[in-house]
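Read through the structure below, which is laid out as structure tokens, and then see the notes.
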Amino acid sequence: MTGDNVDFTPAPLDRSAPLYVAGHRGLVGSAIWRKLEAEGFDNLIGRSSKELDLKDRGAVFEFFRETRPTNVVLAAAKVGGILANSTYPVDFLSENMQIQVNVLDAALEVGVDRLLFLGSSCIYPKFAPQPIKEDSLLTGHLEETNDSYAIAKIAGILQIQAVRRQYGKPWISAMPTNLYGPGDNFSPKGSHVLPALIRRYDEAVKSGAEVVTNWGTGTPRREFLHVDDMAAACLHLLEHYDGPAQVNVGTGSDVTIREIAETIGRVVGFEGVTEWDTTKPDGTPQKLLDVSKLADEGWTYQIGLEEGLRSTVEWYREHVDSIRE
Ligand SMILES: NC(=O)c1ccc[n+]([C@@H]2O[C@H](COP(=O)([O-])OP(=O)(O)OC[C@H]3O[C@@H](n4cnc5c(N)ncnc54)[C@H](OP(=O)(O)O)[C@@H]3O)[C@@H](O)[C@H]2O)c1
1 MTGDNVDFTP
11 APLDRSAPLY
21 VAGHRGLVGS
31 AIWRKLEAEG
41 FDNLIGRSSK
51 ELDLKDRGAV
61 FEFFRETRPT
71 NVVLAAAKVG
81 GILANSTYPV
91 DFLSENMQIQ
101 VNVLDAALEV
111 GVDRLLFLGS
121 SCIYPKFAPQ
131 PIKEDSLLTG
141 HLEETNDSYA
151 IAKIAGILQI
161 QAVRRQYGKP
171 WISAMPTNLY
181 GPGDNFSPKG
191 SHVLPALIRR
201 YDEAVKSGAE
211 VVTNWGTGTP
221 RREFLHVDDM
231 AAACLHLLEH
241 YDGPAQVNVG
251 TGSDVTIREI
261 AETIGRVVGF
271 EGVTEWDTTK
281 PDGTPQKLLD
291 VSKLADEGWT
301 YQIGLEEGLR
311 STVEWYREHV
321 DSIRE
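Residue numbers (full-length UniProt numbering): 1 to 325.
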């Protein structure tokens, strides 16, 4: 999409203005909430999906008319790993489209000032040159295992750009790499690779199993960012960035799935053998974001992988009896 009609200079957000975090109980939303509270935001608004189903267009408009947020972070989405994405493509496409369109339309109606839409690095083509720059968007075929989800997210980015062009609103999009941390989804049915590995290795330690079998060859390379870093990046972008292009958020370096599995095994104290089920799909061979745009905006990550894994395993062990299924 070309053309941009926004004339806006980013500035610190008003800490007492109502700010709605959609998805505030999720991995990303809860980290953003914690970060905003720590930064002195004292008028945060959050609703669980039980209190407000964002697929319910009427309820979403009613909520926005009542609460009239000045700023919005859209971190609510139906999110899952390869298995969930490839088993329920309709749900990932349809639910995410509904959530986004309802929130963005209602935010427009009440005149939200700043809005941050969160997408995902799966929006980029499967064979995009690595590390992936923002301008790789829509230059090639998507990874098939999560193309429905990716298409929904791409539609969200385009809606943000369209709002900028048609209504001159300084709304922005960020595309995080793989995230992990406290509050992650550790369910065997819905989790991403890193929490799935933590759970698998931890259960092996508890049961005394000598072998852990992981999906695929272990050779794909992935980048991981701690969710507290992600939350800090979101606030940084809201206060320092404006532009129609989505901004990649990551560390700029990657590891193989095999390396991450070994590190997790070490962190949880697994002393057995890891095997790889090569009949299962690998997904994209490499996915590393080019984060130079974000670096140019003055932000870089702080939490190293091993340090982040240790605190995530600690959180998982403390919450293992109450984590979502
Ligand atoms: N996790 C990652 O590695 C990663 C990577 C890149 C991008 N992202 C992006 O970050 C965003 C958040 O992801 P996440 O990992 O935080 O996911 P998550 O932990 O599964 O949280 C998603 C949140 O969305 C809310 N939600 C889902 N459907 C809803 C509905 N119909 N109505 C209202 N709320 C609904 C859930 O609310 P309840 O808890 O109240 O049910 C939940 O809090 C997504 O846009 C995702 O694409 C995540």
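No residue lacks a Cβ here, since even glycine has one placed at the ideal position from N, Cα and C.
Any non-hydrogen atom of ligand 1 closer than 7 Å to residue i Cβ
i, result
"V103", "no"
Three-way DSSP call (helix, strand, coil) for residue i in this model
i, result
"D53", "coil"
"I198", "helix"
"H141", "coil"
"K35", "helix"
"K126", "coil"
"P89", "helix"
"A155", "helix"
"R65", "helix"
"K78", "coil"
"I303", "coil"
"E210", "coil"
"T263", "helix"
"I323", "coil"
"N146", "helix"
"S120", "coil"
"residue 328", "The question about residue 328 has no answer here: the residues shown for the chain are numbered 1 through 325."
"D277", "strand"
"R47", "coil"
"residue 329", "Since the first and last residues shown for the chain are 1 and 325, residue 329 lies out of range."
Contacts around residue i, its chain only, beta-carbon distance under 8 Å, and the 5 residues preceding and following it disregarded
i, result
"D4", "Q161, R164, R165, G243 and P244"
"I132", "S121, Y124, N248, K287, L288, L289 and D290"
"K55", "E95, Q98, I99 and N102"
"P170", "V6, F8, P10, D113, R114, R164 and D242"
Per-residue burial, residue i [other beta carbons within 10 Å of its own, 16 or more giving buried]
i, result
"S207", "exposed"
"T278", "exposed"
"H141", "exposed"
"G58", "exposed"
"R317", "exposed"
"A11", "exposed"
"P182", "buried"
Close Cβ partners of residue i (< 6 Å) along its chain, the five nearest in sequence each way excluded
i, result
"L216", "Leu is not the amino acid found at residue 216; the sequence shown has Gly there. The residues are K280 and D282."
"N146", "N85 and C122"
"A106", "V60, F61 and F64"
"F117", "L74, G156, I160 and S173"
"I154", "I123"
"G265", "Y201"
Beta-carbon proximity list for residue i, same chain, < 7 Å, skipping 5 on both sides
i, result
"W33", "V21, H24, L44 and G46"
"Y301", "L225, D229 and T251"
"S16", "D42 and N43"
Taking 5 Å as the limit, tell me which residues put their C-beta closer than that to any heavy atom of ligand 1, in chain order. G23, R25, G26, L27, V28, S48, S49, D53, L54, K55, A75, A76, A77, V79, L118, S120, P176, N178 and L179
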